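In the working numbering, the protein residues as written are 89 to 340. The block underneath contains the structure these notes are about, expressed in structure tokens.
See below:
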């Protein structure tokens, strides 16, 4: 899902969101079941953790657990003038709880499939800088992140560039608000974005590639949120044929 510099929570509030993804790989697909938990320390500081489980869609192989990811997000600078702008820092920490490349391979009916790189069994340290410009209900968001990936033996902060890459992302979104009652409202926020991955390493885990994503977010009051998205690669280096996913979240 796209980086959203404008996403924060109120102080001492929680967002919990089960998520489902169907990832097309060749003539098979992977079902990915995620659980996302976010906690707002205050309105400018957020922490979160994500858990995942993966299984092949058309084969009973038992599935694998994915890597656990934690994140820390905080506001660096905010501007209010003729437009509303934000600079945000977000850092991801991924821990190797998932299946490794070797353990991800499945041979079914003479076909070979792999959960890699959707489960890696590697550490990942990924600091990012996110910028947003909001003009009334229209927003332009930019994000650049450094992805430092290391096998378990090297640790989280080893900084071996052997598998490192840089991710660039640009997204556009527009917010519609519909009043449906005295105290009730619906918010629609469609988003389109481009995600580009560029390797600086000689042994890339994920090849260079460009991906297009369309997403729609529907929020009921400030209680429930539904996100639906679809992603396709824009070149022949894509690590998947498509991703279709949806997330149902509850604000507590």
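The beta carbon of each residue, even a glycine, is placed where N, CA and C say it ideally should be. Remember, it's a predicted structure, so these values are computed and weren't measured experimentally.
Are the CB atoms of residue 107 and residue 145 nearer to each other than 8 Å?
-> no
Let me know if residue 166 comes out buried or exposed under the rule of 16 or more other beta-carbons within 10 Å of its beta-carbon.
-> exposed
Who are the near neighbours of residue 325 in its chain, counting only those whose CB is closer than 7 Å to its CB and skipping five residues on each side?
-> 295, 296 and 297
Buried or exposed: which applies to residue 208, given that a residue is buried once 16 or more other Cβ atoms fall within 10 Å of its Cβ?
-> Result: buried.
Answer yes or no: do residue 189 and residue 157 have a C-beta to C-beta separation smaller than 8 Å?
-> no
Using the DSSP secondary-structure output, state which residues sit across from residue 308 in a beta bridge.
-> Residue 308 is bridged to 274 and 312.
Ignoring anything shorter than 3 residues or poking outside the segment 170-243, list the beta strand (DSSP E) runs there in chain order.
-> Runs found: 172-183, 193-196, 199-202, 211-223 and 226-238.
Rounded to a whole number of angstroms, what is the C-alpha to C-alpha distance between residue 328 and residue 320?
-> 8 Å
Mind checking who residue 267 pairs with in its DSSP beta bridge?
-> In DSSP, residue 267 forms a bridge with 273.
Who does residue 156 pair with in a DSSP beta bridge?
-> 183
Measure the Cβ-Cβ separation of residue 281 and residue 310 and say whether it is below 8 Å.
-> Going by C-beta atoms, residue 281 is not nearer than 8 Å to residue 310.
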